[in-house]
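Numbering (our numbering), first residue to last: -8 to 301. Take a look at the structure below.
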Ligand code: G1P
């Protein structure tokens, strides 16, 4: 079953409360936290755009207005910078929204990821579409979505992004039961469990936040009852699709590139350090400082109490 329907629509669920980042997220949406100098959500939108997804629906909630402001023009800022002739800063206002149409819809009741995706049903219609979770930041050089849409083009159905994780991590993710295909980085997904204990995990393959979905997922989501945590789980609907096969096969693309969970404070810090390190403009100065900093701290690790004093 191949699919020649080009995927142009992306759904970005962005209604989560970001409680792992309190108090920073009390008044600021977690998607707006800066990763170096861009809000986390901008990386996700840029990733969608560079994979050719030019129609984007963000499913938001209360307190998410800054997302709309961020992807809108800011005439005052633009004219102030133009008057000053500050071309460099002006170019930083270039927004992915100039090459994509970004739409917004409120989730209403916070009933889980499956419910957020279901809210996109009338926007998406009858075509396959992509879902990008805002907490997952995929390095722009590791072109996961393009690989997924290419696999979808050959197999149809749905395509998930999978990543191998250690047993102690699997309960943080949806976990896939899989069988091999002829391709190293493509697996057939035969079942899914949301956040299993290590003992009940069918494999070490975790579902990460990129999906290419058959539109039949909406029909299944409509009848999916609350699952883990009392929420309507996308994983449960996809599991039903794996079992019935009526919406085409479900495949997984195994991702081994760079991914950060920017909703998790320590992974967020790793993303900031790594991306700053690699930046052409900030990188050289930052690398020199970080090298010295780590060098000075490493010398102190034998006597941790001295770190507090330092
Ligand atoms: C969601 C999904 C889960 C998936 C994860 C990826 O969980 O429910 O299946 O593995 O995203 O980041 P959440 O992190 O929203 O709890």
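Where a beta carbon is used, it is the ideal one built from N, C-alpha and C, also for glycine.
Inset, instruction - Write down every uninterrupted run of the alpha helix (DSSP H) in the segment 88 to 166 whose length is 4 residues or greater and which is fully enclosed by it, in chain order. - result: 104 to 109, 112 to 115, 135 to 146
Inset, instruction - Go ahead and pull the three-state DSSP assignment for residue 256. - result: Taking the first residue of the chain shown as 1, we reach residue 256 at position 265. Residue state, collapsed to three classes: helix.
Inset, instruction - Give the DSSP bridge partners of residue 197, in chain order. - result: Here residue 197 refers to the residue found at position 206 of the chain shown. BP columns for residue 197 point to 154, 166.
Legend entry - Where residue -2 falls: helix, strand or coil (DSSP): Counting from one through the chain shown, the residue named residue -2 turns up at place 7. Three-state result, residue -2: coil.
Inset, instruction - Can you check DSSP and say which residues form a bridge with residue 49? - result: Within the chain shown, the letter at position 58 stands for residue 49. According to DSSP, residue 49 bridges with 3, 95.
Legend entry - residue 127 beta carbon near the ligand G1P (any heavy atom closer than 7 angstroms): As a position in the chain shown, residue 127 is number 136, starting the count at 1. Under cutoff, so the answer is yes.
Legend entry - residue 224: CB within 7 angstroms of a non-hydrogen atom of the ligand G1P: In the chain shown, the residue the question calls residue 224 occupies position 233. Indeed, a heavy atom of the ligand G1P lies less than 7 angstroms from the Cβ.
Inset, instruction - Pick out whichever of 138, 263, 241 has its Cα sitting closest to the Cα of residue 42. - result: Counting from one through the chain shown, the residue named residue 42 turns up at place 51. Here the closest residue by C-alpha is 138.
Legend entry - Under 8 angstroms between C-beta atoms of residue 166 and residue 202: Against the chain shown, residue 166 aligns to sequence position 175. Against the chain shown, residue 202 aligns to sequence position 211. No; because the gap between Cβ atoms is not below 8 angstroms, this pair is not in contact.
Legend entry - Straight-line Cα distance separating residue 60 from residue 47: Locating residue 47 in the chain shown gives position 56, where the first residue counts as 1. Locating residue 60 in the chain shown gives position 69, where the first residue counts as 1. Approximately 15 angstroms, taken between the alpha carbons.
Inset, instruction - Examine the ligand G1P and report whether any of its heavy atoms sits within less than 7 angstroms of the Cβ of residue 165. - result: What you label residue 165 is simply residue 174 of the chain shown in a count that begins at 1. Yes, the beta carbon of residue 165 sits closer than 7 angstroms to at least one heavy atom of the ligand G1P.
Inset, instruction - Quickly, what does DSSP pair residue 29 with across the bridge? List them, please. - result: Residue numbering aside, residue 29 sits at position 38 when the chain shown is read from its first letter. DSSP, once it has assigned bridges, lists 26 as partnering residue 29.
Inset, instruction - Just mark residue 235 as buried or exposed, buried being the case when its beta carbon has 16 or more other beta carbons within 10 Å. - result: Counting from one through the chain shown, the residue named residue 235 turns up at place 244. Looking at its Cβ environment, which holds fewer than 16 other Cβ atoms inside 10 Å, residue 235 is exposed.
Inset, instruction - Let me know the secondary structure DSSP gives residue 171 once reduced to three states. - result: Walking along the chain shown from the start, residue 171 turns up at place 180. Note: residue 171 maps to strand in three-state DSSP.
Inset, instruction - For residue 200, verify whether its CB is less than 7 angstroms away from any heavy atom of the ligand MN. - result: Here the bound small molecules are the ligand G1P; the ligand MN is not part of this structure.
Inset, instruction - Give a single yes or no on whether residue 281 has its beta carbon closer than 7 angstroms to a heavy atom of the ligand G1P. - result: By 1-based counting over the chain shown, the position of residue 281 is 290. No, the Cβ of residue 281 stays beyond 7 angstroms of every heavy atom of the ligand G1P.
Inset, instruction - Say whether the segment 98 to 115 touches the segment 57 to 71, bearing in mind that this needs 3 or more beta-carbon pairs closer than 8 angstroms, one atom from each stretch. - result: no
Inset, instruction - Measure the beta-carbon distance from residue 126 to residue 253 and round it to whole angstroms, keeping in mind my assumption that it falls under 8 angstroms. - result: Here residue 126 is taken as the residue at index 135 of the chain shown, counted from 1. Here residue 253 is taken as the residue at index 262 of the chain shown, counted from 1. Correct: roughly 6 angstroms between the Cβ atoms.
Inset, instruction - Confirm the yes/no value for this check: CB of residue 38, any heavy atom of the ligand G1P, distance under 7 angstroms. - result: The residue you call residue 38 lines up with position 47 of the chain shown. No.
Legend entry - residue 251 versus residue 237: straight-line alpha-carbon distance, rounded: The count along the chain shown starts at 1 and reaches residue 251 at position 260. The count along the chain shown starts at 1 and reaches residue 237 at position 246. Rounded to the nearest angstrom, the two C-alpha atoms are 34 angstroms apart.
Inset, instruction - Compare the Cα-Cα distances from residue 91 to each of 57, 33, 73 and report the closest residue. - result: As a working mapping, residue 91 is identified with position 100 in the chain shown. Nearest option by C-alpha distance: 33.
Legend entry - CA nearest to the CA of residue 213, picked from 226, 109, 154: What you label residue 213 is simply residue 222 of the chain shown in a count that begins at 1. With distances taken between Cα atoms, residue 213 lies closest to 109.
Inset, instruction - Measure the Cβ-Cβ separation of residue 169 and residue 194 and say whether it is below 8 angstroms. - result: As a working mapping, residue 169 is identified with position 178 in the chain shown. As a working mapping, residue 194 is identified with position 203 in the chain shown. Yes; because the gap between Cβ atoms is below 8 angstroms, this pair is in contact.
Legend entry - Beta-bridge partners of residue 375, as assigned by DSSP: With the chain represented from -8 up to 301, any question about residue 375 goes unanswered, as that position is not in the structure.
Inset, instruction - Could you give the DSSP three-state label for residue 178: helix, strand or coil? - result: Counting from 1 along the chain shown, the entry for residue 178 is found at position 187. Residue state, collapsed to three classes: strand.
Legend entry - Inter-residue Cα distance where the pair is residue 79 and residue 88: Taking the chain shown and counting its residues from 1, the one referred to as residue 79 is at position 88. Taking the chain shown and counting its residues from 1, the one referred to as residue 88 is at position 97. Near 19 angstroms, if we compare the C-alpha coordinates of residue 88 and residue 79.
Inset, instruction - Sort 198, 249, 259 by Cα distance to residue 230 and report the nearest one. - result: By one-based count along the chain shown, residue 230 stands at place 239. Checking every option, the nearest Cα to that of residue 230 belongs to 198.
Inset, instruction - Quick one: grab the DSSP three-state call for residue 285. - result: The sequence position of residue 285 within the chain shown is 294, counting from 1. Correct three-state label for residue 285: helix.
Legend entry - Outcome for residue 128 when other beta-carbon atoms lying within 10 angstroms are tallied against a minimum of 16: As a position in the chain shown, residue 128 is number 137, starting the count at 1. It is buried - the Cβ of residue 128 has at least 16 other Cβ atoms within 10 Å.
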